[in-house]
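The listed protein sequences correspond, in order, to chains A and B.
With positions in the first sequence counted from 1, the corresponding number in the numbering used here is that position plus 231.
With positions in the second sequence counted from 1, the corresponding number in the numbering used here is that position plus 111.
All residues carry an ideal CB built from backbone N, CA and C; glycine is no exception.
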Amino acid sequence: MFEPDEELIGRVVRQLRRPVTVDAGLDARVMEQIARLPARRTGGLRATWRWIIRPRTIRLSPLGALAIAAVFVAVVLWRPDRPSSPAPASARAFGFVVVAPRAATVSLVGDFNDWDAARTPMQRTRKDESVWTTVIPLTPGRYRYAFLVDGVAWLADPAAPAARDDEFGAPSSVVTVGGS
Amino acid sequence: MGIDRVGTSDVEAVRRVLGGDTDAYATLVARYRDRLARYAVHMLGNREDAEEALQDAFVRAYRSLERCDDGARFGAWLYGILVNRCRTTGARAARRGRVFVRDEAALNGVAHPSAAEQTEGEDVVRWALARLTPEYREAFLLKHVEDLEYEEMAQLTGAGVSALKMRVKRAREQLQAILREAERV
Numbered sequence: 232m233f234e235p236d237e238e239l240i241g242r243v244v245r246q247l248r249r250p251v252t253v254d255a256g257l258d259a260r261v262m263e264q265i266a267r268l269p270a271r272r273t274g275g276l277r278a279t280w281r282w283i284i285r286p287r288t289i290r291l292s293p294l295g296a297l298a299i300a301a302v303f304v305a306v307v308l309w310r311p312d313r314p315s316s317p318a319p320a321s322a323r324a325f326g327f328v329v330v331a332p333r334a335a336t337v338s339l340v341g342d343f344n345d346w347d348a349a350r351t352p353m354q355r356t357r358k359d360e361s362v363w364t365t366v367i368p369l370t371p372g373r374y375r376y377a378f379l380v381d382g383v384a385w386l387a388d389p390a391a392p393a394a395r396d397d398e399f400g401a402p403s404s405v406v407t408v409g410g411s
Numbered sequence: 112m113g114i115d116r117v118g119t120s121d122v123e124a125v126r127r128v129l130g131g132d133t134d135a136y137a138t139l140v141a142r143y144r145d146r147l148a149r150y151a152v153h154m155l156g157n158r159e160d161a162e163e164a165l166q167d168a169f170v171r172a173y174r175s176l177e178r179c180d181d182g183a184r185f186g187a188w189l190y191g192i193l194v195n196r197c198r199t200t201g202a203r204a205a206r207r208g209r210v211f212v213r214d215e216a217a218l219n220g221v222a223h224p225s226a227a228e229q230t231e232g233e234d235v236v237r238w239a240l241a242r243l244t245p246e247y248r249e250a251f252l253l254k255h256v257e258d259l260e261y262e263e264m265a266q267l268t269g270a271g272v273s274a275l276k277m278r279v280k281r282a283r284e285q286l287q288a289i290l291r292e293a294e295r296v
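Written out as structure tokens, the structure is:
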């Protein structure tokens, strides 16, 4: 005998609202992790990073036509002349570009940043505000990545090989960084 | 009910933390831990990943506390961080093949809960919830379990209200269909 739909959903909700217990040590782990953090920064490091990835340091001219032609997304990879000092010696700076005219925010997420949208926010270029860029150091290896637009829309890179394992429903691409 | 404004308590705790009193943050962690844990566990379907996401959200919130414009809204702001963290944790976990399976063939291979197993209602509900897409699951949990208003959900998720209403509607329909199917077995 089936329940009416509302009763069924009500039963589901009641069960899901029951308290969930987590490891009792979670609070302590949070506080321990916080205690190990360095003193609060005032943004100096962030400002330096933004200065490094300013559009003038990125050779975007070949992308002008691509920005016009692309519907949503394009990517280019290049090697800036300057090495990234905090990265391992084997790391190379790679630039990622996405065309997202209506986006308010765009983040680069991938295996290299633990798919964490907060770690690699992209910046609008000066020449074309629909173009977002960022540069990250990558050591040799194979990385899956995607662009996260406005925190909700996942975009793969049509100019790069698609990752097949997108079982979460989010398309992604693959970049392979070779050794020197 | 929505996202509770704890008011001066949160304001005071946030003010103290920003003033250098790190220990004051423990109050906020204890205050929001259980509710956020419930969301994370249901969203990720995996307690280990949920605790990882929860811990990371608390630490991330601490590091970014200057960006919390209104201490009285700390809870909602923290919630937004967790929602985002659950999305990326879920994506990463799925790529490891640990949690959510969207492949129908694989799903069909999963043992279907028998009538006897259905007496353990929570397991069936969790099983059904895990079959929703992440977007539907997120919308359903925020609306019906966390009891948020659509405007609050829109702020947290970045999705439009109409899209969220559609997701909740579809989630309800799919949950009903999944659970009805389970009842027939």
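Whole-angstrom Cβ separation of residue i and residue j, contact assumed at under 8 Å?
i                     : j                     : result
residue 154 (chain B) : residue 248 (chain B) : 6 Å
residue 253 (chain A) : residue 162 (chain B) : 5 Å
residue 380 (chain A) : residue 334 (chain A) : 5 Å
residue 346 (chain A) : residue 353 (chain A) : No, residue 346 (chain A) and residue 353 (chain A) are not in contact; Cβ-Cβ is about 15 Å, not under 8 Å.
residue 244 (chain A) : residue 256 (chain B) : 6 Å
residue 137 (chain B) : residue 258 (chain A) : 6 Å
residue 377 (chain A) : residue 403 (chain A) : 4 Å
residue 382 (chain A) : residue 336 (chain A) : 6 Å
With DSSP run on the structure shown, which of helix, strand or coil describes residue i?
i                     : result
residue 371 (chain A) : coil
residue 341 (chain A) : strand
residue 387 (chain A) : coil
residue 295 (chain B) : helix
residue 287 (chain A) : Caution is warranted here: a pLDDT of 45 is assigned to residue 287 (chain A), below 50, making its placement in the model unreliable, and no coordinate value can be reported.
residue 120 (chain B) : helix
residue 268 (chain A) : coil
residue 245 (chain B) : helix
residue 326 (chain A) : strand
residue 200 (chain B) : helix
residue 405 (chain A) : strand
residue 366 (chain A) : strand
residue 259 (chain B) : coil
residue 265 (chain B) : helix
residue 377 (chain A) : strand
residue 382 (chain A) : coil
residue 127 (chain B) : helix
residue 151 (chain B) : helix
residue 249 (chain A) : coil
residue 355 (chain A) : strand
residue 393 (chain A) : strand
residue 333 (chain A) : coil
residue 360 (chain A) : coil
Taking all protein chains shown into account, decide if residue i is buried (16 or more other Cβ within 10 angstroms of its Cβ) or exposed.
i                     : result
residue 128 (chain B) : buried
residue 268 (chain A) : exposed
residue 180 (chain B) : exposed
residue 133 (chain B) : exposed
residue 393 (chain A) : exposed
residue 151 (chain B) : buried
residue 261 (chain A) : buried
residue 183 (chain A) : Limits of chain A in this structure are 232 at one end and 411 at the other, which puts residue 183 (chain A) out of reach.
residue 145 (chain B) : exposed
residue 234 (chain B) : exposed
residue 196 (chain A) : As shown, chain A starts at 232 and ends at 411. That puts residue 196 (chain A) outside it, with no answer to give.
residue 256 (chain A) : exposed
residue 201 (chain B) : buried
residue 164 (chain B) : buried
residue 270 (chain B) : buried
Can you list, in chain order, the residues of its chain with a C-beta nearer than 6 Å to that of residue i? Leave out the 5 residues immediately preceding and following it.
i                     : result
residue 342 (chain A) : 374 and 375
residue 192 (chain B) : 168, 171 and 172
residue 194 (chain B) : 267
Using a Cβ-Cβ cut-off of 7 Å (strictly less than) and excluding sequence neighbours within five positions of residue i, which residues of its own chain qualify?
i                     : result
residue 122 (chain B) : 182 and 183
residue 279 (chain B) : 250, 251 and 254
residue 372 (chain A) : 408
residue 169 (chain B) : 140
residue 273 (chain A) : Reliability fails at residue 273 (chain A), whose pLDDT of 45 lies under 50, so the model's placement of it is uncertain and no value is given.
residue 197 (chain B) : 151, 154, 155 and 164
Does the distance between the C-beta of residue i and the nearest non-hydrogen atom of the ligand ATP fall short of 7 Å?
i                     : result
residue 256 (chain A) : The ligand ATP is not part of this structure, which contains no ligands at all.
Might you give, ordered along the chain, the residues of its own chain that have their beta carbon closer than 8 Å to the beta carbon of residue i, omitting 5 neighbours on each side?
i                     : result
residue 126 (chain B) : 182
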